[in-house]
DNA sequence: GATTCCATGTAAACTGTTACATGATTCC
DNA sequence: GGAATCATGTAACAGTTTACATGGAATC
């Protein structure tokens, strides 16, 4: 499981409080490993109990006060171990693909608006990634860290590019469809 | 929540027993919505209790005997409703991308073999999809159901193509790397 | 002092995974 | 009749999601 390692990575990049982490999981790290604030607080508690992170000594607050964490050597070692370990890729799970497969059986009625909406969402995400690329990875720079992070961003860009193209392709199929199959109802 | 709808789709395509469904979730439907036999049996029980499916009247067996299900009209209606309803796309969660982001901080030591292994796995999956395309979608055929199912298969092919290209790109970066960053250890 | 926002959390419900249990059938 | 396989499940746990709770700080 990867949430603790996502948090360790984020904290190594920059020590943060729970809410700051939550914000960064809404962009940046969250682009390929999302998490809610509830997950993050729970996991911070576990990681601290395991001695992988600690509260920054400068701030030792009460409930409701900001509390920032940093990674301890044991945490960095655990992250390095996990990064190098072998992990099987998780099988794909995509509801839109499932819905189209279902539509082949029960009919395509009503699905087109959501295809358009998804297309817009993916176009927006793609534009955001491109903007990050323009801003953070200007041509010429190539420290190793930059190259690795750029590689990850390229994956996001290429994936969103795939989805926008595929959704456009799907919508094109729809406008060509003669009648709606399967919409004759049960029986 | 999509597992019940994946099962309804599979049962509409062909009434099946739990084990037959499990087999089909290891290929076909499972290529974009995977499930284990435990999930499937639990969900079959729920769907039957809700009146969306029923045991085929021809076979009413005891424990350990094969038991095939079919979809009832209410089940078909629920699937059509779900297919047409609006759903937000789930955010991406990919451990390999996270690992590369972590590698930018803790170093790339040891990650290359698993990149190669993933490349092989994705190449194998891509070959399998292409074989299915060759077998099931010869040029010329285009009933609406076929076109929808082909569209879904194309998504699988394009996604695996993306991953193989991206992993090759990642490995190329690695062979060019001068020194291993971050591997100087904690501090 | 009421409302809103910041920040940290708890609880419960739901999903998914791993390990195990049980009966029926087939094959030697 | 013993072992392997088919087929259907149960139980326990881990991970995720949703709803709610609590306290402090800022603002009106």
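Residue numbers (the numbering used here), protein chains in the order written: chain V, 906 to 1092; chain F, 906 to 1092. Just so it is clear, CB atoms sit at the ideal spot from N, CA and C, and this is done for glycine as well.
With a cut-off of 8 Å on the beta carbons, I'd call residue 994 (chain V) and residue 1023 (chain F) a contact; round off their distance for me.
-> 6 Å
Are the C-beta of residue 1042 (chain F) and some C-beta of chain V separated by less than 9 Å?
-> no
So with Cβ pairs under 9 Å, would you call residue 1049 (chain F) a contact of chain V?
-> Yes, its Cβ sits closer than 9 Å to a Cβ of chain V.
Whole angstroms is fine: what's the gap from residue 1007 (chain F)'s alpha carbon to residue 931 (chain V)'s?
-> Roughly 18 Å separates the two Cα atoms.
Meets three-Cβ-pair contact criterion under 8 Å: the region 947–961 of chain V and the region 1041–1059 of chain V | no
Cβ atoms of residue 1019 (chain F) and residue 989 (chain V): under 9 Å apart, would you say?
-> yes
Interface residues of chain F around residue 1009 (chain V) at Cβ under 7 Å?
-> 1050, 1053 and 1054
Could you give the distance in angstroms between the alpha-carbon of residue 1058 (chain F) and the alpha-carbon of residue 941 (chain V)?
-> 32 Å
Distance between residue 1081 (chain V) and residue 973 (chain F) (C-alpha atoms, nearest Å) = 37 Å
For chain V, find out if any of its Cβ atoms is closer than 9 Å to the Cβ of residue 1084 (chain F); answer yes or no.
-> Only weak support exists for where residue 1084 (chain F) lies, its pLDDT of 49 falling under 50; the coordinates are left without a value.
In terms of residue numbering, what span does the alpha helix (DSSP H) encompassing residue 948 (chain F) cover?
-> 942–954
Contact with chain V by residue 1078 (chain F), beta-carbon distance below 9 Å = yes
Short-range partners of chain F found in the region 935–959 of chain V, where Cβ spacing is below 8 Å = 935, 936, 937, 938 and 939
Positions along the region 1013–1027 of chain V whose CB lies within less than 8 Å of some CB in chain F = Residues are counted here when their Cβ sits less than 8 Å from a Cβ of chain F; for the region 1013–1027 of chain V these are 1013, 1014, 1015, 1016, 1018, 1019, 1022, 1023, 1026 and 1027, given in chain order.
Paired residues, beta bridge with residue 975 (chain F) - DSSP = F:959
Taking just the CA atoms, how far does residue 1063 (chain F) sit from residue 1068 (chain V)?
-> 10 Å
What is the C-beta distance between residue 1071 (chain V) and residue 911 (chain F), in whole angstroms, given that I count them as a contact (C-beta under 8 Å)?
-> Contact flag wrong, Cβ pair sits at about 20 Å.
Spell out the partners DSSP gives residue 922 (chain F) in its beta bridges.
-> F:973
From the beta carbon of residue 1064 (chain F), is the nearest beta carbon of chain V less than 9 Å away?
-> Yes, because at least one Cβ of chain V sits closer than 9 Å to the Cβ of residue 1064 (chain F).
Quick one: which chain V residues come within Cβ less than 7 Å of residue 918 (chain F)?
-> Those within 7 Å of residue 918 (chain F) in chain V are 1010.
Three-state secondary structure (DSSP) of residue 1006 (chain F) = helix
At a Cβ threshold of 9 Å, is residue 1036 (chain F) touching chain V?
-> no
Among F:938, F:920, F:937 and F:985, nearest to residue 962 (chain F) - alpha-carbon criterion | F:920
Is the Cβ of residue 994 (chain V) closer than 9 Å to any Cβ of chain F?
-> yes
Just the Cα atoms here: how many angstroms apart are residue 918 (chain V) and residue 1065 (chain V)?
-> Straight-line Cα distance between these residues: approximately 25 Å.
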